[in-house]
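Protein chains in written order, with my numbering: chain A, 2 to 217; chain B, 2 to 217.
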DNA sequence: CTAATATTGTAACGATGGGTATGAAAATGC
DNA sequence: GCATTTTCATACCCATCGTTACAATATTAG
């Protein structure tokens with residue numbers, strides 16, 4: 002947290018915390034998208050002026066890429082932690098989806114996922130954004146796959162789809178929760194979708210899936 | 002197709018077909034998103050000049066809303082037709098996903114779904130766009146639900162989730178195919194996701210889902 | 001304290017954004 | 001043919017866009 006490292010950098014020090022500013026920038030892009038957010042939006046969101054933003058992070062595009070990366074790393078870390086600490090695949094999925102819905106439905110109207118709500122329009126003509134979007138999807142797939150593989154190895158209740166395939170379904174549900182949240186869907190509707198997905202993936206062979214849905 | 006109706010409208014007739022122009026406008030928005038597409042992009046995509054566009058369709062926002070509506074109606078009509086004509090739920094889902102992937106992966110890089118790739122960034126601060134996005138999601142849910150309900154009534158192979166819930170999963174897979182296509186995923190990867198989803202939803206109780214996946 | 005270095009605030013740059021005024025052109029009604 | 005009505009083409013309007021000079025300020029090295 003302290004910028005006085007060995008030697009110390011010469012010249013006037015920055016008057017802001019870069020991580021915090023990046024978070025505020027992400028918030029602004031989250032609301033307006035990349036093209037829909039102007040530099041002035043960013044300056045008023047961060048309290049910084051233009052030269053400070055450019056000096057610390059580069060131009061608007063570089064700034065956006067950095068927020069995409071930061072969001073992915075933070076999101077994957079949180080998701081992995083939730084899944085790892087959950088006693089079963091079922092509760093792990095439930096907890097991940099619950100956390101996602103809380104984020105996607107937060108603030109004014111539904112915000113959805115930062116990456117999948119703002120990156121797609123740019124991804125078609127911007128290879129760097131496309132790579133970030135792909136990396137986020139791949140990361141989510143791998144995150145779910147690891148937990149599903151563990152569940153199958155432990156003999157937990159689980160679909161007999163290969164872990165890689167079931168994981169992609171789990172990610173697909175996140176994609177849909179994001180789009181639906183952005184469309185204004187209620188938290189109740191989002192939770193219902195999530196629970197249906199859990200009942201398909203963390204499926205209990207003996208009992209029917211419909212039974213498992215009742216104790217939600 | 003002929004504009005000479007009873008009485009005929011006075012004044013100089015339009016030199017373009019409105020449906021065709023709307024299609025070209027949609028193409029432009031599909032590539033660049035709403036904020037990322039300028040009026041000049043639209044004029045060069047349609048061959049019309051600005052006053053003609055404004056006179057026939059209104060401003061940029063109205064134009065975008067109309068393309069969203071047109072896309073939804075065309076997409077739902079095609080999807081319903083495919084599902085209705087399919088002999089089983091399984092083949093119906095496969096055909097719908099195949100058609101979707103062909104559209105989503107078309108042109109240069111993957112374009113994804115027009116609505117879910119371009120509407121989300123605007124939906125947060127634009128109620129009209131949000132309504133269009135929600136209507137598209139609701140339409141897809143209803144489309145799948147009708148076919149799944151019919152399959153269950155006919156005693157077809159099918160998950161025992163309620164049709165409304167299974168339908169939302171089916172729509173979720175479309176959402177994910179769109180995001181992944183936009184991220185540059187291969188057609189092969191998209192087809193694999195679709196097939197996994199079909200194996201979960203149009204599930205054959207006797208055989209395992211893993212078996213059904215092999216003949217893809 | 002002095003010199004060197006980095007950040008800050010103000011202001012401006014050229015380019016492009018969405019939207020429109022203004023006539024010329026092309027059709028119909030009498 | 002003549003008046004009327006609608007569309008088409010050129011050009012323009014002002015606002016905002018992303019980006020950057022420039023000079024003042026604040027800090028460290030010596």
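Note that CB positions come from ideal geometry on N, CA and C, so glycine has one too.
Bear in mind that the values here come from a model prediction, so they are computed numbers and not experimental data.
Close beta carbons around residue i, own chain, < 7 Å, minus the five adjacent residues each side
{"i": "residue 71(A)", "result": "23 and 27"}
{"i": "residue 30(B)", "result": "38, 65, 68 and 119"}
{"i": "residue 97(B)", "result": "80, 83 and 84"}
{"i": "residue 137(A)", "result": "73 and 116"}
{"i": "residue 1(B)", "result": "Absent from the model: residue 1(B). The displayed extent of chain B is 2 to 217, so no value can be given."}
{"i": "residue 146(B)", "result": "164, 165 and 168"}
{"i": "residue 161(A)", "result": "none"}
{"i": "residue 19(B)", "result": "57"}
Buried/exposed call for residue i, threshold 16 Cβ in 10 Å
{"i": "residue 181(A)", "result": "buried"}
{"i": "residue 46(B)", "result": "buried"}
{"i": "residue 176(B)", "result": "buried"}
{"i": "residue 1(A)", "result": "The structure shown does not extend to residue 1(A), since chain A is modelled only from 2 to 217, so the question has no answer here."}
{"i": "residue 88(B)", "result": "exposed"}
{"i": "residue 142(B)", "result": "buried"}
{"i": "residue 122(A)", "result": "buried"}
{"i": "residue 75(A)", "result": "exposed"}
{"i": "residue 12(A)", "result": "exposed"}
{"i": "residue 187(A)", "result": "exposed"}
{"i": "residue 78(A)", "result": "exposed"}
{"i": "residue 59(B)", "result": "exposed"}
{"i": "residue 95(A)", "result": "buried"}
{"i": "residue 124(A)", "result": "buried"}
{"i": "residue 179(B)", "result": "buried"}
{"i": "residue 1(B)", "result": "An answer regarding residue 1(B) cannot be provided, because it is not within the stretch 2 to 217 covered by chain B."}
{"i": "residue 16(B)", "result": "exposed"}
Beta-carbon contacts of residue i that lie in its chain and below 6 Å, excluding the five residues immediately before and after
{"i": "residue 120(B)", "result": "130 and 134"}
{"i": "residue 107(B)", "result": "none"}
{"i": "residue 128(B)", "result": "none"}
{"i": "residue 183(A)", "result": "111, 113 and 118"}
8 Å Cβ shell around residue i - same chain, five flanking residues per side excluded
{"i": "residue 44(A)", "result": "50, 51 and 54"}
Please confirm if the segment 191 to 206 of chain A is in contact with the segment 163 to 180 of chain B, defined as three or more CB-CB distances below 8 Å between the two stretches.
yes
When the Cβ atoms of the segment 80 to 100 of chain B are set against those of the segment 143 to 152 of chain B, are three or more pairs found closer than 8 Å?
At 8 Å Cβ cutoff, the stretches touch.
Where are the alpha helix (DSSP H) runs, 4 residues long or more, that stay fully inside the segment 27 to 90 of chain B, in chain order?
Listed in chain order, they are 40 to 47, 51 to 58 and 61 to 86.
Inside the segment 120 to 171 of chain A only - alpha helix (DSSP H) runs reaching at least 4 residues
128 to 154
Any residues in the segment 61 to 89 of chain A with a beta carbon nearer than 8 Å to a beta carbon of chain B? Which ones, in chain order?
none
In the segment 138 to 172 of chain B, which residues sit with their C-beta less than 8 Å from some C-beta in chain A, listed in chain order?
138, 160, 161, 162, 163, 166, 167, 169, 170 and 172
Below 7 Å between beta carbons is the criterion; list the residues of the segment 172 to 184 of chain B that meet it against any residue of chain A, in chain order.
Listed in sequence order: 172, 173, 174, 176, 177, 180, 181, 183 and 184.
Interface positions of the segment 87 to 106 of chain B facing chain A (Cβ-Cβ less than 7 Å), listed along the chain:
none
Please name the residues in the segment 187 to 199 of chain B whose beta-carbon is closer than 9 Å to at least one beta-carbon of chain A, in chain order.
190, 193, 194, 196, 197 and 198
Please list, in chain order, the residues of the segment 5 to 36 of chain B that have any C-beta partner in chain A closer than 9 Å.
31, 32, 33, 34, 35 and 36
Along the segment 106 to 121 of chain A, what residues have a CB closer than 7 Å to any CB found in chain B?
110, 112, 113, 117, 118, 119 and 121
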